[in-house]
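A.B. asks:
Numbering (this note's numbering), first residue to last: -12 to 98.
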C-alpha cells in the first residue's frame, strides 16, 4: 500500500482497532496485518509515535499489564474523547471516500 496515502488513515485505524478492545503494540500491528489480508504492516517507527501522540491528545490511555509468561506489556485503551474523535474522523473519511468514488465513477481502467 502507498505509504503517503496511509499517513492520513493512521489515527482512524488505531482508534478503530482500540475501540474494539485494549491491545499492546505488537497486537495492534498483527491485527492491522490480518485485517488488511497482509497488504499493510505498520512499522514500529510509525506505530509508537502515533500511539504516543494519541495518548498526549487524551484519545488513548496506556497501562502496564502482566503476561502469562511473567513479563509486562504496555496496553493501550481508547478513551471517551477518543471514541468521540473516531466518530468525527469516520464521518470525514466517509465524505472523502464518497468524493473519490464520485470522481472516479465511469473510468474505464477501473473495471
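Even glycine gets a Cβ: it sits at the ideal position worked out from N, Cα and C.
Given a cut-off of 8 Å, decide if residue 2 and residue 57 are closer than it, judged by their beta-carbon atoms.
C.D. replies: Mapped onto the chain shown, residue 57 falls at position 70. Mapped onto the chain shown, residue 2 falls at position 15. No, the Cβ-Cβ distance between residue 57 and residue 2 is not below 8 Å.
A.B. asks: Leaving out the 5 sequence neighbours to the left and right, which residues in its chain are closer than 7 Å to residue -12 when beta-carbon positions are compared?
C.D. replies: As a working mapping, residue -12 is identified with position 1 in the chain shown. The residues are 26, 27.
A.B. asks: When the Cα of residue 34 is compared with those of 88, -4, 77, 83, which residue comes out closest?
C.D. replies: One-based indexing of the chain shown puts residue 34 at position 47. Of 88, -4, 77, 83, the residue nearest in Cα terms is -4.
A.B. asks: Rounded to whole angstroms, what's the CA-CA distance from residue 82 to residue 17? Just pull it up for me.
C.D. replies: The residue given as residue 82 occupies position 95 in the chain shown. The residue given as residue 17 occupies position 30 in the chain shown. If you take the alpha carbons of residue 82 and residue 17, they lie about 28 Å apart.
A.B. asks: Rounded to whole angstroms, what is the Cα-Cα separation between residue 19 and residue 88?
C.D. replies: Here residue 19 refers to the residue found at position 32 of the chain shown. Here residue 88 refers to the residue found at position 101 of the chain shown. Their backbone Cα atoms lie some 24 Å apart in a straight line.
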